[in-house]
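Data block below; observations after.
Chains as they are written, first to last, in this note's numbering: chain A, 1 to 179; chain Y, 1001 to 1179; chain E, 2001 to 2452; chain P, 3001 to 3452.
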């Protein structure tokens, strides 16, 4: 590591510590960072943790991965072509978004269509004002076209999927800024 | 990471904290971020215990053992007839004792004898003053009588084993209050 | 062979099917409810699709959701596992209509076997022994004496109009028949306003014995040995074995031939299990047929060396049985399975929650089928089966000894399991001696109560 | 049968022996160093005695400590496992003097087989084929030509006085012999001040093939099939299989007969393994004998259905082989074992530390022998083997497919393991085709380097 890297890393750690982060992973290109803070030596907590882990003092534990099936939290290869995180953990996936937005999720498994028929204009586009109950899109399942209604009123600010794309249950479709 | 990245990251963490997010995963293209906040220091034990056990309200969790092999920390059935804890984990077994005491441990596996021959007086008894190098007992191993010398000077305040009793490596034999 | 298969199930059987597919180079698609997001069948499938909320009715039993998932994932076939949609003929029909191969028998066969009385009659016509019952009402004591004589004592009288024990009498000899007939008649008349009675053969100590069959899509059926499943609690199997100590090679061959003929007649396809009761004289009576892979299929795999799930896939793909199982596999050694359920071992209350420690036993002759793991969660919505512990030994003694040591080494913490119950059963003298029937567990619990 | 047995070992083999004892109703005594206090062999033994500090020399290899533990625990016998004291004839003698049965051959046989050249001569006398070597110095080119002709090319010239490659030449034909003889002679003379040369048969692509034997204490020896162990890195086996694709039933029977005769001659007892090199023509040459249970014994168990550790215990107790293995067990299907080591999969640096996640694969045809667990610790003092993953299939193809899916489902975190290495080997074309020899791994690493 260059001294510059080290400095940045130190700053990052300081910042994480200030914000009481317990674990932190980052991967970007060939950069991988993994940080896990040790248990705070708060009296009772340390005692309980010790009892729970019965860790061996003689054998310092290596920097460990958080959990066996960390990978399992996101399905191995989602049919949806959106970022797996968005599909696999919709709530978390939207955390980066404005919390005031309302997310319309797919109530069924099927194929998403933005318009009533090929070539026809989309039911809604970004920037449209929509009403409660207004049709936002169609999800085709078993040859049936299911019209998906909006469950909020406001402005469509984002569409998460492409027309023709398969979606699973609970997958975010639109973000609406409620009025 | 670019300074821009760092700034974004900091903002994200601030935002997550404000919204009391516990864990956060994001995968988008080649970027992967994983953040897990530490337990609030001062969080009450019940909260941590709940997190650790993930007990479901509907099904009172059974009283869980702290670790898979809790039982392993003490050998299942020690040859020594002293409380297994004393033999299996000498350090722990002495925890209740005065920390200033010096514990003489068995350097070999064998059978403990307090005196040089049956009927003869014991090498030492409780209350005796002993010197460094003074013989405290005999451990018989493979028909050989091994004299065990004291590795401290002071008063013998406790004997942990009975004459004729088998002892394992590292098992506490005597406690000596050093002068 | 199929290119891609969707597994319409969860838990250990979903993972079992995924394993078979992986070994055959078939891509797998898992479906899951929101409660199973972190399950191993989701983790190890090539693709995974969330099909609904935790409740089975809205996810795993939701036919449109499953079919829709199969369509968007573009699979060739669906393996239904056991339970859930596995014996749903309508689902099999929808699969067919959607051009997706349902891995199981055709819908009409599933439907036939699903209607118990029709299945009984079909099997009776095909000369499979069924539990004898009088045809219609027994009008008089004499008629009763005659019918009872024809099937042998004991018999049981039942009220045509009712149930719940009213008007019911077990008759163990001709001497006691007249009085009991009158008593039952009176009781039925009083209880249901109708004194009509019918009679059935009564089995005092029935054993539950079932035969595994495989059938290809070209008209060939093969019976591949039996399983002994008498250790049950409230009709839930706890322990299964293969072979049964009660089934001689001769009986095995006879039943095998009869089943081959009868199931070829009904046009059976894929894997199935024919369940029988066995009376004290070792005679078998057909009860019902399960038209799917069974929870306890591994004991048959252990003693025959077959892979039944792979056989299912190959059959469904059109392969002939002659190439999958070229000859009747000999039975080697003895296998036993214990179902490890997330239940309190004495009260049997379900024990959902987070698993904090999970150490599975291994070593020679031990197989564990499970989708659980340390840090895994047992959701409260589904079946309580979390693992199947299967052992194989050169004989029943070795298998039992192996099971004892494997149970001891199977450590699960955070939830209750039936492991301690199994440990006690494997110390029971009658169990060890092989002296048991479907009422064994009742007697076992009484003994336990007395001892404590 | 023995009442109580001490296991003078650690890790998976200690647990393996404990499992066998448990299944036979024998009480077990574990011994352990301070580093292994929380190990599973300690957890699952009936008794456990700490015998010393972490270093093997002061604990597991400390004969007085082990014997003393055996005495205070009052055991009938000691099982030495593999490695450590298992081939230490002095230890076996001390056991005998202490009236404790050593589970293995008598000390003199262990000693004989431990001295490689004596063992070679003993086997040669008993007509076991050994790698041909000239008797004494080859004085002239003509003598060399003659000797080479008698064993066939290629041959190798070696310097009598030295080693390390100096004075060494592989000769592939009579034409090139004269020039190479002179060159080697000169080189040896220059390097060691002594130009004497001797000759050996040279095998270009040797396979490592070994035969498992069992011998009772009444003079009967039985060979129970071979294992193919050519996949090695620096003479450490990585993958073992049974049977070997190269060994025909005829060859198996021939070698079996020869070994039976020769080992009955030397008075062999208990389990043992006879190691051979196989040349390109399928001829076998004895290298050495291991007088103990082998790491890779499970592959033989999987294809024969025997329990070799139980057989060891029964033999040591005086039982006759005829009652333990009544007839030559047929070889069924194919088994493969992968050694899972706590090592970096590319650099092979040992990776001690705490295991944070440990999910072992299960299901049909998968066996795992391990003493590790989630939260377990791999101490830096001992062998890096943490688990053996063994699969069994109806043929080598099924076994390989099963191994691939089992490797994928074997999840170990917190330390590095060789799992990723095995995964790559199982994708290698030559490995899949069974085209390999003891130099396979060298070529494999070169290919890997080229590809990256």
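Ideal placement from N, C-alpha and C gives every residue a C-beta, glycine not left out. These numbers come from a predicted model, not from an experiment.
Same chain only: Cβ atoms within 7 Å of residue i, ignoring 5 sequence neighbours per side
i, result
"residue 3020 (chain P)", "3307, 3309, 3310, 3313"
"residue 82 (chain A)", "With a pLDDT of 33 at residue 82 (chain A), under the threshold of 50, the modelled position of this residue cannot be trusted; read the value that follows with caution. Cβ within range, chain order: 160, 161."
"residue 3016 (chain P)", "3309, 3369"
"residue 3039 (chain P)", "3010, 3032, 3371"
Minimum C-alpha distance to residue i - residue among the options
i, options, result
"residue 2340 (chain E)", "E:2304, E:2103, E:2011", "E:2011"
"residue 2165 (chain E)", "E:2157, E:2172, E:2014", "E:2157"
"residue 3080 (chain P)", "P:3170, P:3357, P:3142, P:3006", "P:3006"
"residue 3053 (chain P)", "P:3033, P:3037, P:3067", "P:3033"
"residue 2112 (chain E)", "E:2124, E:2089, E:2427", "E:2089"
For residue i, the first and last residue of its enclosing beta strand (DSSP E)
i, result
"residue 3258 (chain P)", "Not the beta strand (DSSP E): residue 3258 (chain P) falls in the alpha helix (DSSP H), residues 3249-3266."
"residue 2277 (chain E)", "2270-2278"
Neighbourhood of residue i by C-beta, 6 Å cutoff - its chain only, sequence neighbours within 5 removed
i, result
"residue 3420 (chain P)", "3345"
"residue 3194 (chain P)", "3161"
"residue 1133 (chain Y)", "1149"
"residue 2091 (chain E)", "2063, 2085"
"residue 3453 (chain P)", "Lying before the first or after the last residue shown, residue 3453 (chain P) is absent from chain P, which here runs from 3001 to 3452."
"residue 2128 (chain E)", "2258, 2262, 2286"
"residue 3366 (chain P)", "3391, 3406"
"residue 3359 (chain P)", "3411"
Helix, strand or coil at residue i [DSSP, three-state]
i, result
"residue 2436 (chain E)", "coil"
"residue 148 (chain A)", "strand"
"residue 2230 (chain E)", "strand"
"residue 2059 (chain E)", "coil"
"residue 1179 (chain Y)", "coil"
"residue 129 (chain A)", "strand"
"residue 123 (chain A)", "coil"
"residue 3334 (chain P)", "strand"
"residue 2409 (chain E)", "helix"
"residue 2304 (chain E)", "helix"
"residue 1142 (chain Y)", "coil"
"residue 3392 (chain P)", "strand"
"residue 3456 (chain P)", "Missing from the structure shown is residue 3456 (chain P); chain P here goes from 3001 to 3452 and no further."
"residue 2128 (chain E)", "coil"
"residue 3118 (chain P)", "helix"
"residue 3297 (chain P)", "helix"
"residue 3290 (chain P)", "strand"
"residue 2430 (chain E)", "helix"
"residue 3327 (chain P)", "coil"
Own chain partners of residue i with C-beta closer than 8 Å, once the 5 adjacent residues on each side are dropped
i, result
"residue 2436 (chain E)", "2207, 2230, 2231, 2430"
Where the alpha helix (DSSP H) containing residue i begins and where it ends
i, result
"residue 2209 (chain E)", "Element bounds for residue 2209 (chain E): not the alpha helix (DSSP H) but the beta strand (DSSP E), 2207-2215."
"residue 2348 (chain E)", "No alpha helix (DSSP H) contains residue 2348 (chain E), which DSSP labels as neither H nor E."
"residue 2182 (chain E)", "2177-2192"
"residue 3114 (chain P)", "3107-3114"
"residue 3148 (chain P)", "3141-3151"
"residue 2011 (chain E)", "2011-2024"
Cutoff 8 Å: residue i Cβ touching any chain D Cβ
i, result
"residue 1168 (chain Y)", "This model lacks chain D altogether, as its protein chains are A, Y, E and P."
Check whether the region 160-171 of chain A and the region 102-115 of chain A are in contact - that is, three or more C-beta pairs closer than 8 Å. yes
**Request:** Would you be able to state if there are at least three C-beta pairs under 8 Å between the region 3187-3202 of chain P and the region 3151-3160 of chain P?
**Result:** yes
**Given 8 Å, three or more beta-carbon pairs between the region 3065-3073 of chain P and the region 3086-3100 of chain P** = yes
- Query: Within the chosen definition, does the region 3173-3182 of chain P reach the region 3408-3417 of chain P through at least 3 CB pairs nearer than 8 Å?
  - Reply: no
Touching by the beta-carbon criterion (3+ pairs, under 8 Å), the region 3207-3218 of chain P and the region 3264-3282 of chain P = yes
ask   = Can at least three beta-carbon pairs, one atom from the region 2211-2222 of chain E and one from the region 2254-2273 of chain E, be found at a separation below 8 Å?
value = yes
Can we say the region 2388-2403 of chain E touches the region 3371-3388 of chain P, given the rule of at least three CB pairs closer than 8 Å?
no
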